[in-house]
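Okay, so here's the structure we're looking at.
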Amino acid sequence: MRKEEKALIVIFGGTGDLAQRKLYPSLFNLYKRGFLKDNFAVIGTARRPWSDDYYREIIINAVGDAEDINGQATDFASHFYYQSHNVNDTEHYATLKQLADKLDDKYQIGGNRVFYLAMSPSFFGTIAAHLKSQNLKTTTGYNRVIVEKPFGHDYESAMVLNEEIAQAFPEEEVYRIDHYLGKEMVQNIPAIRFGNNIFNALWNNRYISNIQVTLSESLGVEERGGYYDTAGALRDMIQNHTLQIVSLLTMSAPVSFTDTDIRNAKINALKSLRVYKPEEVAQNFVRGQYGPGSDKPGYRQEDMVDADSMTETFVAGKLEVNTMDMAGVPIYVRTGKRMREKATRVDVVFKQVPNNVFGEGDNTLRHDVLHIMIDPEPKLSLQLNSKTIGHSYEYDTNSLNLNYSVPAEQRANIPEAYEKLILDVLQGKASNFASSKELEYSWKFIDSVRQAWDKNIDDMIFPNYSCGSMGPKAADALLEKDGNHWEF
Ligand code: NAD
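The sequence shown lines up with residues 1 to 488 when you count with our numbering.
Printed below as a string of C-alpha cells:
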C-alpha cells in the first residue's frame, strides 16, 4: 500500500509552460498512483486573473484527459485553486496565506508546504523574502522550496541567488531541480558502478582509458532564442546537466546511499575538477554555432537571435577530475543543438589488455566500452572482444545488451523525470538535487572557460558547423590529439 503524501503545493508561475507541460501531468500521475490522494491541495498563482473553475479546466486539459471518462481528472482538479498574484506586491502574500491556511484546514494537511518557483529566477529572491516575512512558512509541518534552472549565469550571480533564498529557506529545505537527475539511466549510474564488483573494481585510472558524455539535440533553439542568446550551450547544458552526470560518473563510493553521503561524494568530485588557466582553455574546449541547413535556418536566422550573434550552440570539452582514482582519465563532454540526432549517452572506454597474446595483424583487439544510453531509449550495452564462431581463431566485437525500453502499452507505468523528482521532494529525499556546494564548484569551473572565451571572441568564426553534423571538426581533433575518438 502506497503512503499518501500530505502537502499543500504552491506553484508560482502556475499559468506557465513548465507548469502545464510538466508539473500538472506529473502531479496527476502521482495522484493516479496513490501518492497524492485526499490530503493535498495545489494553489496556482500567476498574474492572469483566472477563476478556480477556469484553472481546473486548464488542469484537466494539461493532464491530457479532457474526456475524463471515469471522473478521475475532475476529482484531481477539484484540489486545485487559483490565486491571481503579482510577486512584487506584499498584500497579495497576505491573501495567499489566508487561502493556504484555509486549504490546510480543509484537506487536513498538517502544515506541510512545498513552494514551487516555476518562474524567472529574477523573482526568486523577492518570493522567498515575502514567503518568510508574510509567514507563509508553517511551524507545524515541513517547508520545502523547489527552484528551477537557470540557477545564476555565473558563480557570483548563483551565490547571490543562493544567499537570497537562504534568507528564507535553510539549505536542507532547498531543492534545485535538474530534470536529468530524474532520468532512469542517470539514476542507474551509481547502481551500475557500486552494485557490481566488475565495474566497482575497474572504475579507475588503471583500467579506464577515457569517459565520454554526449547530450546532443537535433532541434535548434525553437522559441527560446531570446533566452538562449544570452546564455549559450556552456551555461545552458554543461554547468548543470553535464557536470551533474560527470559527478555521478567520477565520484568515489559514498559511505552509504543517503542524501548527505551521496552529496558529499558528488561535491568532492566537482571540487576535484581541474579549473583551467585562460591559456589552457583553447586546448581543452571547443565551441561552435550552427549554420543554415537545406531546409533549416542557421542559428543567426532564428527568431529573437542577434544577426551577428557570437553565442555558442555547441560545446566540447576535456575535463580532468583529479581524485586518486580518476586523475589522468580524460572526461570528454559534448553538447549541441541541430546535431545529427537527439541522444544522451555515456561511453566508458576501458584500456586494452596489457599484452595481446593473439598477436597483431588482422586480429586487432578493440577497447571494451560500456555504453550507458540515457535518451531516447534507455539501454546498457557492454562491447567486448570475443571469438567468432567457426574453425579459425578470429575474434570480433560483440555486445552484451540490457534493454530497459518497454512496450508502448506499458510506458505509462514508467514515471517521468519530473514525477520522480516531485515525489522525492514530497518524501524529503534530496540526493537527486544539486546542493549549493555543487553549484559553487561547477560555476567556478564554467566561469574559467567562459571568461577565457569572452576575451578571445574576436578569434572565432561562426557559424562553424552544419545542421545535422556532430559539431565542428575541432571537436574530433580534441580527442584525436590524445589518440582517442568519439564512440558516438
Ligand atoms: P513561462 O513564461 O511560460 O511562465 C512564467 C510564469 O510566471 C507565468 O505563469 C507568468 O504569469 C508568471 N509571472 C511572470 N511574471 C510574474 C509576476 N510579476 N508576478 C506573478 N507571476 C508572474 O515560463 P516557463 O517556461 O514556464 O518557465 C518557468 C521557469 O522554469 C523558468 O525559470 C524557466 O527557465 C524554467 N524552466 C522551464 C522549462 C520548460 O520546459 N518550460 C524547463 C526547464 C526550466
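A virtual CB, placed ideally from N, CA and C, is assigned to each residue, including glycine. Here the structure is a predicted model, which is why all the values come from computation and not from measurement.
Check whether the Cβ atoms of residue i and residue j lie closer than 7 Å to each other.
i: residue 162; j: residue 113; result: no
i: residue 175; j: residue 350; result: no
i: residue 35; j: residue 423; result: yes
i: residue 154; j: residue 447; result: yes
i: residue 109; j: residue 3; result: no
i: residue 382; j: residue 365; result: no
i: residue 289; j: residue 258; result: no
i: residue 244; j: residue 347; result: no
i: residue 551; j: residue 166; result: Outside the displayed span of the chain (1 to 488) sits residue 551, for which this structure offers no information.
i: residue 484; j: residue 210; result: yes
i: residue 269; j: residue 315; result: no
i: residue 82; j: residue 52; result: yes
Could you give the DSSP three-state label for residue i: helix, strand or coil?
i: residue 6; result: coil
i: residue 46; result: strand
i: residue 461; result: coil
i: residue 72; result: helix
i: residue 151; result: coil
i: residue 124; result: helix
i: residue 371; result: strand
i: residue 401; result: strand
i: residue 249; result: helix
i: residue 108; result: coil
i: residue 193; result: helix
i: residue 212; result: strand
i: residue 260; result: helix
i: residue 88; result: coil
i: residue 314; result: strand
i: residue 276; result: coil
i: residue 344; result: strand
i: residue 165; result: helix
i: residue 21; result: helix
i: residue 226; result: helix
i: residue 436; result: helix
i: residue 339; result: strand
i: residue 40; result: strand
i: residue 33; result: coil
i: residue 288; result: strand
i: residue 199; result: helix
i: residue 160; result: helix
Using a Cβ-Cβ distance cut-off of 7 Å, determine whether residue i contacts chain B.
i: residue 14; result: No chain B is present in this structure, which holds just one protein chain.
Assign residue i to buried or exposed, taking buried as 16 or more other Cβ atoms, counted over all protein chains shown, within 10 Å of its Cβ.
i: residue 402; result: exposed
i: residue 404; result: exposed
i: residue 128; result: buried
i: residue 71; result: exposed
i: residue 186; result: buried
i: residue 471; result: buried
i: residue 438; result: buried
i: residue 133; result: exposed
i: residue 182; result: buried
i: residue 410; result: exposed
i: residue 373; result: buried
i: residue 227; result: exposed
i: residue 54; result: exposed
i: residue 356; result: exposed
i: residue 266; result: buried
i: residue 442; result: buried
i: residue 283; result: exposed
i: residue 278; result: exposed
i: residue 236; result: buried
i: residue 75; result: exposed
Smallest Cα separation from residue i: which of the options?
i: residue 121; options: 148, 140, 307; result: 148
i: residue 300; options: 465, 268, 317, 167; result: 465
i: residue 369; options: 94, 240, 208, 271; result: 208
i: residue 241; options: 134, 32, 336; result: 336
i: residue 178; options: 151, 156, 201; result: 151
i: residue 318; options: 73, 86, 287, 194; result: 287
i: residue 455; options: 281, 388, 146; result: 281
i: residue 330; options: 374, 285, 296; result: 285
i: residue 138; options: 101, 384, 32; result: 101
i: residue 468; options: 380, 302, 342; result: 342
i: residue 398; options: 388, 271, 89; result: 388
i: residue 451; options: 46, 58, 276; result: 276
i: residue 225; options: 306, 216, 205; result: 306
May I ask whether a heavy atom of the ligand FMN can be found less than 6 Å away from the beta carbon of residue i?
i: residue 139; result: Among the ligands modelled here, namely the ligand NAD, the ligand FMN does not occur.
**Prompt:** Taking one C-beta from the segment 12–23 and one from the segment 40–51 each time, how about it: are there three or more such pairs within less than 8 Å?
**Reply:** yes
**Message:** Across the segment 321–341 and the segment 246–255, are there enough close Cβ pairs to call them in contact, namely three or more that are closer than 8 Å?
**Reply:** yes
**Asked** For the segment 217–226 against the segment 293–311, are there 3 or more C-beta pairs whose distance is under 8 Å?
**Response** yes
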